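Numbering (my numbering), first residue to last: 9 to 139. I have placed the structure first, in the form of structure tokens, so that the comments after it can refer back to it.
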């Protein structure tokens, strides 16, 4: 009889152990839930700051110093000589038009096209503003 009671107590002990193990598996402990929520929160923060950094660097990128100055210098040189050639052509056309209207006369200096402020002429005559 004592043997049966001893076995039944062992069985009930194992049932209790199994129930406690199963309950742990079914219901995650608070530490696991807290850890999972912590990881998800960190991942969300990472994604948000990654997006924020990308947006910030996308805005700054056009103003960043170029790796090589060669393209920038090439563009500046091309722009300078384009302006020089354009002004030479404009002045030549101005002279030809003046010679057609006033044959045999000396051509006065051409007034600046895009500058309307005061300017000083040391030698030579300038056309009046209306011509």
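Virtual Cβ for every residue (Gly too), placed ideally from N, Cα, C. No experiment lies behind these values; they were computed from the predicted model shown.
Can you check which of these residues, 95, 38, 51 and 40, is closest to residue 120 by C-alpha distance?
Ranking 95, 38, 51 and 40 by CA distance to the CA of residue 120 puts 95 first.
Within the same chain, show all residues whose beta-carbon is closer than 6 Å to that of residue 106, passing over the 5 residues directly before and after it, in chain order.
115
Excluding sequence positions up to five away, which residues of its chain have a Cβ less than 7 Å from the Cβ of residue 129?
117
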